[in-house]
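Participant:
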Amino acid sequence: MLNLNVIAPAEPSDASAIKNGRWSPTQRLLLVAWLVLGLLPWTLQLRSYAKFIRPHKVPENIVVPSNSLKLTEKLTEICPVEAYILAGVWWNLEATHYYTTDHDVVCHAVMPQYNLHGNYLIGSFKTTPFRTSSPSCKNASFPINMYLYHGSIGLYSSTTPWKARSAPRIEVRIMGMEFGTYDINGVLLTRDTGSRELRLSYWYCGIGSLWLVYRSLILRQNYGRKCKEMGEKLHQGGAVVFVQESLRLSAHGATNYQRCALLYLVMTDLFLLIANEGWATRVRYASLGYNLSGLILLLFEMLESTRWLSEKWRLRIKILFFSYEAVLLGELVSALAFQKFLTGLNRSDLKTSKVIALAASYYVWSLVGHGVIALVSIAIILSVRILCALTYVWLVHRSFAVLSEPCCIDTVLGVRSELCC
1 MLNLNVIAPA
11 EPSDASAIKN
21 GRWSPTQRLL
31 LVAWLVLGLL
41 PWTLQLRSYA
51 KFIRPHKVPE
61 NIVVPSNSLK
71 LTEKLTEICP
81 VEAYILAGVW
91 WNLEATHYYT
101 TDHDVVCHAV
111 MPQYNLHGNY
121 LIGSFKTTPF
131 RTSSPSCKNA
141 SFPINMYLYH
151 GSIGLYSSTT
161 PWKARSAPRI
171 EVRIMGMEFG
181 TYDINGVLLT
191 RDTGSRELRL
201 SYWYCGIGSL
211 WLVYRSLILR
221 QNYGRKCKEM
231 GEKLHQGGAV
241 VFVQESLRLS
251 AHGATNYQRC
261 ALLYLVMTDL
271 FLLIANEGWA
281 TRVRYASLGY
291 NLSGLILLLF
301 EMLESTRWLS
311 EKWRLRIKIL
321 FFSYEAVLLG
331 ELVSALAFQK
341 FLTGLNRSDL
351 KTSKVIALAA
361 SYYVWSLVGH
371 GVIALVSIAI
381 ILSVRILCAL
391 TYVWLVHRSF
401 AVLSEPCCID
411 TVLGVRSELC
421 C
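Going by UniProt numbering, the sequence shown opens with residue 1, and the numbers climb by one from there.
1. Keeping to the same chain, check which residues put their C-beta closer than 7 Å to that of residue 60; ignore five residues upstream and five downstream.
2. Would you give the residue range spanned by the beta strand (DSSP E) that residue 388 belongs to?
3. Taking only three categories from DSSP, how would you classify residue 156?
4. Grouping DSSP H, G and I as helix and E and B as strand, with all else coil, what is residue 286?
5. Check whether the stretch 110-128 touches the stretch 341-356, taking contact to mean three or more Cβ pairs, one atom from each stretch, closer than 8 Å.
6. What ranges does the alpha helix (DSSP H) occupy inside the stretch 310-359, keeping only unbroken runs of at least 4 residues that lie completely in it?
7. Sorted by chain position, which residues of the same chain lie with C-beta nearer than 7 Å to residue 332's C-beta, five sequence neighbours on each side aside?
8. Between which residues of its own chain and residue 414 is the CB-CB distance below 6 Å, once the five residues before and five after are set aside?
9. For residue 89, which of helix, strand or coil comes out of DSSP?
10. Whole angstroms is fine: what's the gap from residue 94's alpha carbon to residue 85's?
11. Report yes if the CB atom of residue 156 is closer than 7 Å to the CB atom of residue 201, and no otherwise.
12. CA-CA distance, residue 71 and residue 193?
13. So for residue 110, helix, strand or coil by DSSP?
14. Under DSSP, the beta strand (DSSP E) around residue 184 begins and ends at which residues?
15. Quick check on residue 408: does DSSP put it in helix, strand or coil?
16. Along the chain, where does the alpha helix (DSSP H) that runs through residue 206 open and close?
17. In three-state DSSP terms, what is residue 96?
18. Taking the straight line between their C-alpha atoms, what separation do you get for residue 375 and residue 77?
19. Using a Cβ-Cβ cut-off of 7 Å (strictly less than) and excluding sequence neighbours within five positions of residue 340, which residues of its own chain qualify?
20. Once DSSP output is grouped into helix, strand and coil, what is the label at residue 254?
21. Do the stretch 30-50 and the stretch 208-222 make contact, defined as three or more Cβ pairs closer than 8 Å?
22. Under 7 Å Cβ to Cβ from residue 422, same chain only, skipping five residues before and after it: list those, please.
23. What number of angstroms, rounded off, separates the C-alpha of residue 401 from the C-alpha of residue 151?
24. Looking at C-beta atoms only, is the number of pairs between the stretch 294-310 and the stretch 252-265 that lie closer than 8 Å three or more?
25. What are the boundary residues of the beta strand (DSSP E) that includes residue 144?
26. Would you call the stretch 303-312 and the stretch 361-370 touching, i.e. three or more CB-CB distances under 8 Å?
27. In whole angstroms, what separates the C-alpha of residue 41 from that of residue 181?
28. What residue from 144, 98, 127, 212 has the CA that sits closest to residue 44's CA?
29. Beta strand (DSSP E) containing residue 122: first to last residue?
30. What's the C-alpha gap between residue 261 and residue 79?
31. Whose C-alpha, out of 359, 380, 283, 368, is nearest the C-alpha of residue 187?
32. Under a three-way DSSP split, which group does residue 28 fall into?
33. Closest to residue 330 by CA distance: which of 381, 404, 158 is it?
34. For residue 117, is the classification buried or exposed, using 16 other Cβ atoms within 10 angstroms of its Cβ as the cut-off for buried?
35. Taking only three categories from DSSP, how would you classify residue 191?
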């Protein structure tokens with residue numbers, strides 16, 4: 001039996017050689033699985049990193065001196081924007097104060113549940129509405145310049161300076177975006193008023209490059225030689241599982257300290273999504289689900305290493321939660337439901353939670369907001385996996401008793417379960 005938990009580079013053998021200049025069916029399956037499960041997510045991550053490490057500038061017309069007077073009189077009339085639409089999701093926005101400059105009024109707004117802060121300026125002349133704008137914006141659309149900094153779990157924030165069209169008191173439709181990161185968070189982020197200098201996060205450049213290098217080293221593992229050397233023939237499901245196991249974030253035998261370091265890297269980059277309209281949006285959401293899957297496995301490995309679980313419950317959790325990890329069906333379902341879920345969450349009472357955010361700090365409260373997103377996404381992913389596992393067991397065995405049997409899991413659910421006893 002092929003033990004998929006023991007994967008190590010091996011010297012090429014005659015069995016692993018390419019015969020007659022052609023790849024064997026197993027090699028081709030492994031290559032396709034490696035491209036889909038390994039190279040594609042890494043490429044998306046590399047693209048995001050390349051976008052966010054670019055130095056950026058805040059639009060000059062929405063930069064105000066740091067000692068400017070904060071005004072709140074007639075706030076809702078002067079700063080009427082209540083939301084913006086980005087990547088098919090409705091995002092709440094609440095003005096906290098505004099500044100007066102020589103010619104304009106610059107509004108400061110927050111999204112309390114996600115630790116977003118920034119300025120916006122509504123133009124004084126009307127323009128044509130965006131193609132996806134509501135009918136009510138037909139004769140009431142104005143150009144708008146905006147930037148928002150999104151505080152991360154790390155020591156930096158990501159920014160998106162935008163050009164958009166707005167219908168006051170209704171919505172903002174994003175038309176053009178730039179991306180970047182800046183070494184600011186916490187109290188300093190809440191007090192930021194912008195600057196005319198180029199901004200860049202050296203922290204993200206370092207941490208992001210470390211994360212990419214680590215993932216690339218995992219990709220370089222010689223994932224197929226061990227299988228070929230042992231003379232194993234894999235079908236499609238087996239190839240997917242083999243590659244999935246080879247691309248594990250933590251090595252077998254890793255300590256919880258090492259897993260904690262990996263957990264920080266995953267969490268730091270978890271919500272750095274480049275939002276786009278159309279099909280690319282779904283790809284980004286699927287990428288988020290893929291990262292959450294890695295986070296789930298890391299957390300379970302940390303729990304498993306504590307020996308707190310009895311053998312019966314350890315097997316049950318492995319069978320139900322991780323048997324269909326390589327199928328990625330839960331991640332796809334999560335990506336399809338993500339837009340509606342986020343819109344519903346942003347329209348909930350969280351949009352009026354500024355008072356709580358001020359009391360607990362925006363950073364702490366954002367952990368709650370992001371935690372809700374992560375927990376719901378994880379719940380969707382695990383629910384789909386559990387449903388698939390239970391359905392398979394019932395169709396094959398007509399009994400759920402095998403879920404607690406102290407036997408090797410891959411003999412119960414087939415090769416799709418890479419987590420053997």
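Backbone N, C-alpha and C define an ideal beta-carbon position, used for all residues, glycine too.
What you are looking at is a predicted structure, and each value in this text was computed from that prediction instead of being measured.
Facilitator: Quick answer:
1. 196
2. Counting along the chain, residue 388 falls outside any beta strand (DSSP E), though it belongs to the alpha helix (DSSP H) covering 362-397.
3. coil
4. helix
5. yes
6. 311-322, 329-346
7. 286
8. For residue 414, the pLDDT reaches just 40, beneath the cut-off of 50, and the residue's location in the model is therefore unreliable, leaving the point undetermined.
9. strand
10. 14 Å
11. yes
12. 14 Å
13. strand
14. Taken as a continuous stretch (DSSP letters only), residue 184 belongs to no beta strand (DSSP E), as it is neither H nor E.
15. Residue placement at residue 408 is poorly supported in this model, since its pLDDT is 48, which falls under 50; the coordinates still yield a value, given next. Correct three-state label for residue 408: coil.
16. 202-219
17. strand
18. 37 Å
19. none
20. coil
21. yes
22. Outside the shown range of the chain, which is 1 to 421, sits residue 422, and nothing can be said about it.
23. 47 Å
24. yes
25. 142-151
26. no
27. 21 Å
28. 212
29. 116-122
30. 42 Å
31. 359
32. helix
33. 381
34. buried
35. helix
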